[in-house]
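Remarks on the structure that follows.
Residue numbers (the working numbering): 21 to 297.
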């Protein structure tokens with residue numbers, strides 16, 4: 021009996037010690053939350069972090085505006101324009117960013133670069149927009165139903181090429197099962213030719229279900245710029261990779277960026293019916 025009482029007392033003491041720590045973790049300041057998010061990126065240790073009073077209580081989701089003469093903008097390591105300090109990875113037009121702090125008319129942002137690394141850095145606040153700056157397109161037929169949205173999906177470039185093409189594709193760190201749609205961004209970032217007309221043309225999106233490539237539809241790409249494509253699939257599909265193949269005279273000559281997020285997953289009765297089929 022004494023052993024049980026001692027054990028109960030010990031458990032109560034442990035709970036009493038842990039509860040304040042839990043409360044503290046949930047009640048972190050804006051500076052604590054923002055600084056942790058910066059350090060969690062691949063480049064967070066390479067920047068001068070914001071001052072404590074510069075962190076935002078509510079983070080902002082914004083988009084990189086179009087540059088005047090380039091497909092991307094410089095990202096500083098400190099809250100100062102043209103600082104001379106080594107820059108962070110470039111920020112491309114239309115890239116979604118999370119603003120965690122504002123200082124000296126600069127925004128401290130979290131974003132993904134063209135190689136899917138998570139980055140942190142500083143950029144002029146006027147370079148960010150509330151709305152996507154490029155064209156919004158839809159591929160496939162929108163469907164109704166109850167969906168769950170999966171945001172945090174790790175991505176990487178493939179080591180090999182898409183079958184029959186010299187184009188790398190995007191690989192998901194883990195399969196997204198019963199996916200019925202996703203948001204896709206695409207942008208040509210270097211033409212590598214003076215004859216630009218030979219690299220423009222429709223792009224076809226393919227998804228891989230772990231066994232084969234499935235055509236998901238095509239979208240026009242007649243000029244430079246970022247496009248935001250809402251992709252709808254014909255049926256719930258497990259996705260392990262995503263590719264785009266260009267229908268143009270020189271489909272392997274240019275460089276491009278692409279990313280996918282907001283995967284819509286069929287849930288509830290719809291998922292059960294799909295599994296039964």
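Where a beta carbon is used, it is the ideal one built from N, C-alpha and C, also for glycine.
Check                                                                                                         : Outcome
The alpha helix (DSSP H) enclosing residue 248, as first and last residue numbers                             : Careful: residue 248 lies outside any alpha helix (DSSP H), inside the beta strand (DSSP E) at 247 to 266.
CB of residue 178 within 8 Å of CB of residue 261, strictly                                                   : yes
For residue 55, the first and last residue of its enclosing alpha helix (DSSP H)                              : 50 to 59
Integer-rounded CB distance, given that residue 111 should sit under 8 Å from residue 146                     : About 14 Å separates the two Cβ atoms, so there is no contact after all.
Presumed contact (8 Å Cβ cut-off) between residue 208 and residue 283, rounded CB distance                    : Contact doesn't hold; Cβ gap of about 24 Å is too wide.
Selected residue, minimal CA-CA separation from residue 274, among 254, 214 and 253                           : 214
Buried or exposed (CB count within 10 angstroms, at least 16 for buried), residue 115                         : buried
Alpha-carbon to alpha-carbon, residue 123 and residue 70                                                      : 7 Å
Proximity to residue 198 [Cα-Cα], best of 252, 154 and 117                                                    : 252
Closest residue to residue 314 among 160, 240 and 100 (Cα-Cα distance)                                        : Given that the chain is displayed from residue 21 to residue 297, the structure contains no residue 314 and the question cannot be resolved.
Closer than 8 Å to chain B by CB, residue 61                                                                  : Here there is only one protein chain, and chain B is not present.
Rounded separation between residue 249 and residue 161 - CA only                                              : 13 Å
Euclidean distance between Cα positions of residue 192 and residue 98                                         : 32 Å
Contained alpha helix (DSSP H) runs [length at least 4] in the segment 131 to 180, N- to C-terminal order     : none
Extent of the continuous beta strand (DSSP E) run through residue 225                                         : 223 to 228
Residue from 232, 52 and 216 whose Cα sits closest to the Cα of residue 271                                   : 216
Beta-carbon proximity of residue 135 to residue 108, cut-off 8 Å                                              : no
CA-to-CA distance, residue 172 to residue 76, given in whole angstroms                                        : 22 Å
Beta-carbon spacing of residue 84, residue 148 below 8 Å                                                      : yes
Classification of residue 73 by the beta-carbon crowding that lies within 10 angstroms, buried from 16 upward : exposed
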